[in-house]
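Those sequence lines, one after another, are chains A and B.
Using my numbering, the first residue of the first sequence is number 1044, and each one after it goes up by one.
Using my numbering, the first residue of the second sequence is number 6, and each one after it goes up by one.
A short write-up of the structure that comes next.
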Amino acid sequence: MSAPLLELENLRVSFPTAHGRVEVVKGISFTLGRERLGIVGESGSGKSMTGRSILKLIRSPGKVTADRMTFDGVDLLGQSERQMRAIRGARISMVMQDPKFSLNPVMTVGDQIAEALRFHARLSKGERKARVLSMLEAVRIDDPERVSRLYPHEVSGGMGQRIMIAMMLIPEPDLLIADEPTSALDVSVQSQVLDIIDDLIRTKGMGLIFISHDLNLVSRYCDRILVMNSGRVVEECAASELADASHPYTRGLLAAMPRLDETREELPVLDRASWGGT
Amino acid sequence: MSAIRLENLDISYGETRITHGISLDIAEGESFALVGESGSGKSTVLRAIAGLAPEWTGRIELLGRPRGHGIDKAKVRDCQMVFQDPYGSIHPRKTIDATLSEPLAIHGFGNRDERVEEMLKAVGLDRRFRFRFPHQLSGGQRQRVAIARALMLEPRILLLDEPTSALDVSVQAEILNLLKRLRREQNLTFLLVTHNLPVVSFLCERLAVMRQGRIVEVANVDQLKKGAFAEPYSRELFTASGGV
Ligand SMILES: Nc1ncnc2c1ncn2[C@@H]1O[C@H](COP(=O)(O)OP(=O)(O)OP(=O)(O)O)[C@@H](O)[C@H]1O
Ligand SMILES: Nc1ncnc2c1ncn2[C@@H]1O[C@H](COP(=O)(O)OP(=O)(O)OP(=O)(O)O)[C@@H](O)[C@H]1O
Ligand SMILES: [Mg+2]
Ligand SMILES: [Mg+2]
């Protein structure tokens, strides 16, 4: 395998609460090559916070520490906010979990995607526009001309997600962190959009961190999977082996999924109190 | 009695017509799903029923009474909506406690403190979240606050737009069990938008498949389980969901 793209050692994130500082990420370590890493797990287990930490997007009073956090040889912990701005978007980009909330409400969709091209070679206005429209088309938006003129509140949930994905892919980053990127898409559009991401991984050698609660999807689209619970990684396995996972938490997740030919009157749930959560 | 009846509903945003001749009849106590293409108008139908998309022609009846084109105070209590984007239904500068207890105060409910505690528990949120603000919660925790808020007023109809798409499967299971129980105990009616066919299979009796602003097919859950659809687009969704 090639040199790791990302190395994380003992990542911790904490927030002050009424009962003192609480850690929501409790010492996570992993390395990522030019591969597809899936992160699944309990709601509130720290998946989004892990993704945001890598981009140093945790705002005060939240606090991030790590023994090591390097990206392609660059020590992220030592980067100034200004240096981080040059990395974000251009080299590492993140599709946020609440796309419509993360988009700028007073700027049209087309202008926002064009902005994401600002780091790249000087393109003429016309070239930019053409790139934007072809990217929207690539994420299966019908009528990209019309949609590029809409404001975020005028697009549907699934369109918002695809716009966010288009915006994050257009600068061709080295690492894409995708936080529930396709949760609002119908299954057939979902696989088409994921194929585009897959294509960039294969042709451009991009790395992917794919955060999702959809176990089937993650096992289909990733190479390796981390299962998180209460701020910790409780299980790590090859994606193809997820169905044989051994940790009781992972087994519980698998059992809780409804099936297409469901006959159970009630779904089994996990006893969450036993591992507390944050 | 019908809980929701739509007749020839055409909904527009300005110049753009979004839906074309939507007709549906959903019985009280029924659980009905809307599935289909992204951008086909599913959320728009829910918004029109809730009074949030005022430009429509046709007819909308709720619990036997026609609804007008604006927000109708009397209908608010009977018919609550959980939005696709949880930020749409929870105020960013209010604590979870305020979000859940204010509607109770407005509609004159007593025992507010107890009701809030109970509801948080029902959606699987620990009491330590009660005095937090929405930005201090994870995506799935916010989604559960939105569901709790809709249930606070004990509505008779619940419009649910992708209510569990931000939730991990174990929390999803808890919410689905809760919805099923409430329906059994209170004869609640659900109109549920989702792209997750297994969720439909667990919770609903019938579903409508939408594409490009039209209903292409209405089927019952037995057809769904067997994949016995008449329309190619419905079958496509079925196979893409892993159905064989
Ligand atoms: N500002 C804050 N103050 C205190 N706690 C916070 C704050 N922001 C987030 N948290 C807590 O941090 C924990 C981890 O949040 P995170 O968003 O990473 O969860 P997640 O794994 O992405 O969950 P989900 O699947 O629901 O999106 C949650 O329990 C959340 O309540
Ligand atoms: N305020 C608005 N102004 C103009 N067009 C709008 C507005 N809101 C929605 N639309 C358009 O209406 C169409 C249907 O949107 P809607 O949100 O109902 O789709 P949906 O079926 O819920 O899709 P998804 O599954 O992606 O959430 C889309 O083409 C969208 O761009
Ligand atoms: Mg999250
Ligand atoms: Mg929608």
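Even for Gly, the Cβ is constructed at its ideal location relative to N, Cα and C.
Computed from a prediction, not measured in an experiment: that's the story for all the values here.
Can you tell me which of the options puts its alpha carbon nearest to the alpha carbon of residue i?
i, options, result
"residue 36(B)", "235(B), 232(B), 184(B)", "184(B)"
"residue 66(B)", "43(B), 30(B), 48(B)", "30(B)"
"residue 97(B)", "139(B), 238(B), 75(B)", "139(B)"
"residue 40(B)", "160(B), 146(B), 212(B), 14(B)", "212(B)"
"residue 101(B)", "195(B), 45(B), 43(B), 153(B)", "153(B)"
"residue 4(B)", "1263(A), 1181(A), 1168(A), 1064(A)", "Outside the shown range of chain B, which is 6 to 249, sits residue 4(B), and nothing can be said about it."
"residue 197(B)", "134(B), 115(B), 6(B), 169(B)", "169(B)"
"residue 1070(A)", "1277(A), 1288(A), 1287(A)", "1277(A)"
"residue 1281(A)", "1066(A), 1062(A), 1112(A), 1079(A)", "1079(A)"
"residue 190(B)", "26(B), 34(B), 240(B)", "34(B)"
"residue 1239(A)", "1157(A), 1135(A), 1181(A)", "1181(A)"
"residue 1268(A)", "1255(A), 1124(A), 1082(A), 1060(A)", "1082(A)"
"residue 215(B)", "47(B), 10(B), 131(B), 26(B)", "47(B)"
"residue 1098(A)", "1112(A), 1270(A), 1279(A), 1249(A)", "1112(A)"
"residue 249(B)", "1304(A), 1279(A), 1265(A)", "1304(A)"
"residue 130(B)", "1087(A), 1155(A), 1133(A)", "1087(A)"
"residue 1227(A)", "160(B), 166(B), 77(B)", "166(B)"
"residue 147(B)", "218(B), 202(B), 112(B), 176(B)", "176(B)"
"residue 1154(A)", "1259(A), 1207(A), 1061(A)", "1207(A)"
Can you check whether the C-beta of residue i is within less than 9 angstroms of a C-beta belonging to chain A?
i, result
"residue 192(B)", "no"
"residue 245(B)", "yes"
"residue 206(B)", "yes"
"residue 48(B)", "yes"
"residue 89(B)", "yes"
"residue 237(B)", "no"
"residue 136(B)", "yes"
"residue 240(B)", "no"
Distance, Cα to Cα, residue i vs residue j?
i, j, result
"residue 1319(A)", "residue 1106(A)", "Because the pLDDT of residue 1319(A) is 42, which lies under 50, any placement of that residue in the model is unreliable, and the question is left without a value."
"residue 51(B)", "residue 1077(A)", "42 angstroms"
"residue 1321(A)", "residue 1175(A)", "Caution is warranted here: a pLDDT of 41 is assigned to residue 1321(A), below 50, making its placement in the model unreliable, and no coordinate value can be reported."
"residue 12(B)", "residue 1293(A)", "46 angstroms"
"residue 94(B)", "residue 171(B)", "15 angstroms"
"residue 1057(A)", "residue 1102(A)", "11 angstroms"
"residue 133(B)", "residue 223(B)", "43 angstroms"
"residue 1211(A)", "residue 19(B)", "30 angstroms"
"residue 1117(A)", "residue 1241(A)", "25 angstroms"
"residue 1322(A)", "residue 28(B)", "This structure gives no information on residue 1322(A), because the portion of chain A shown stretches from 1044 to 1321."
"residue 1129(A)", "residue 1178(A)", "22 angstroms"
"residue 1159(A)", "residue 1189(A)", "19 angstroms"
"residue 1312(A)", "residue 126(B)", "14 angstroms"
"residue 205(B)", "residue 199(B)", "8 angstroms"
"residue 21(B)", "residue 1167(A)", "31 angstroms"
"residue 106(B)", "residue 38(B)", "29 angstroms"
"residue 1133(A)", "residue 238(B)", "38 angstroms"
"residue 1306(A)", "residue 227(B)", "11 angstroms"
"residue 117(B)", "residue 109(B)", "7 angstroms"
"residue 194(B)", "residue 163(B)", "6 angstroms"
Quick one: what's got a C-beta closer than 6 angstroms to residue i's C-beta in the same chain, skipping five residues either side?
i, result
"residue 1074(A)", "1047, 1050"
"residue 60(B)", "17"
"residue 243(B)", "232"
"residue 1275(A)", "1069"
"residue 1250(A)", "1048, 1075, 1077, 1218"
"residue 62(B)", "15"
Might you give, ordered along the chain, the residues of its own chain that have their beta carbon closer than 7 angstroms to the beta carbon of residue i, omitting 5 neighbours on each side?
i, result
"residue 1140(A)", "1091, 1222, 1223"
"residue 1044(A)", "Residue placement at residue 1044(A) cannot be trusted, given a pLDDT of 49 that sits under 50; what the coordinates show is reported in the next sentence. Answer for residue 1044(A): 1076, listed in chain order."
"residue 207(B)", "181"
"residue 32(B)", "7, 8"
"residue 1225(A)", "1204, 1233, 1236, 1237"
Going by beta carbon distance, what residues of the same chain come within less than 8 angstroms of residue i, once the five residues before and after it are set aside?
i, result
"residue 1183(A)", "1205, 1232, 1235, 1236"
"residue 1109(A)", "1051, 1052, 1053, 1054, 1055, 1096, 1120"
Using beta carbons (cut-off 9 angstroms, strictly below), is residue i in contact with chain B?
i, result
"residue 1290(A)", "no"
"residue 1277(A)", "no"
"residue 1259(A)", "yes"
"residue 1087(A)", "yes"
"residue 1228(A)", "yes"
"residue 1320(A)", "Per-residue confidence for residue 1320(A) stands at a pLDDT of 43, beneath the threshold of 50, marking its modelled position as unreliable; the derived number appears in the next sentence. Cβ-Cβ to chain B under 9 angstroms: yes for residue 1320(A)."
"residue 1044(A)", "With a pLDDT of only 49 at residue 1044(A), under the threshold of 50, the placement of this residue in the model should not be trusted; the figure read from the coordinates follows. Not closer than 9 angstroms to any Cβ of chain B, the Cβ of residue 1044(A) fails to qualify, so no."
"residue 1141(A)", "yes"
"residue 1107(A)", "no"
"residue 1308(A)", "yes"
"residue 1144(A)", "yes"
Three or more C-beta pairs below 8 angstroms linking the segment 1148-1155 of chain A and the segment 1189-1206 of chain A: yes
Can we say the segment 48-65 of chain B touches the segment 80-92 of chain B, given the rule of at least three CB pairs closer than 8 angstroms? yes
Given 8 angstroms, three or more beta-carbon pairs between the segment 68-75 of chain B and the segment 128-146 of chain B: no
Across the segment 1167-1174 of chain A and the segment 1126-1146 of chain A, are there enough close Cβ pairs to call them in contact, namely three or more that are closer than 8 angstroms? no
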